Amino acid sequence: MHEDRPNIPDSIKNKQIQLIINTPIWATAQIDDRSIRQTALLQKIPIVTTIAGANATAAAIRSLQSQPLEVKSLQEYLGL
């Protein structure tokens with residue numbers, strides 16, 4: 001990790017982070033990226049690694065904030 005402690009993996013372990021959006025660009029960032037992804041996986045924290053994924057995640061969060069989640073059967077969804 002190229003940061004002093006406490007660093008991002010420490011914050012993940014301390015439950016201070018609930019969602020990670022990480023799109024590394026530089027080679028040194030890719031080394032840190034592995035540590036972040038591994039820690040997120042072990043702590044069961046969702047992680048998004050692409051801009052497209054980040055946009056989709058943000059859209060989904062906005063949608064959930066504006067309307068409640070509705071569970072439907074496949075038949076209801078397809079109108080069968």
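Each step along the sequence shown adds one to the number in UniProt numbering, with nothing skipped, and position 21 is 21. For each residue, glycine too, the CB sits at the ideal point set by N, CA and C. Predicted model only: the values in this text are computed from it and were never measured.
C-alpha distance - Lys44 paired with Asn14, whole-angstrom precision
Lys44 and Asn14: Cα-Cα distance of roughly 12 angstroms.
Can the beta-carbon of Ser6 be found less than 9 angstroms from the beta-carbon of Thr39?
Reading off the sequence shown, one finds Pro at residue 6, where the question assumed Ser. No; because the gap between Cβ atoms is not below 9 angstroms, this pair is not in contact.
Going by C-alpha distance, which of Pro24, Trp26 and Leu41 is nearest Ile12?
Just measuring C-alpha positions, the residue of Pro24, Trp26 and Leu41 sitting nearest Ile12 is Leu41.
Got a sec, what are the start and stop residues for the alpha helix (DSSP H) Asn55 sits in?
Counting along the chain, the unbroken alpha helix (DSSP H) around Asn55 starts and ends at Ile51 to Ser66.
Asp32 vs Thr49 beta-carbon contact at 9 angstroms
Not in contact: Asp32 and Thr49 (Cβ atoms no closer than 9 angstroms).
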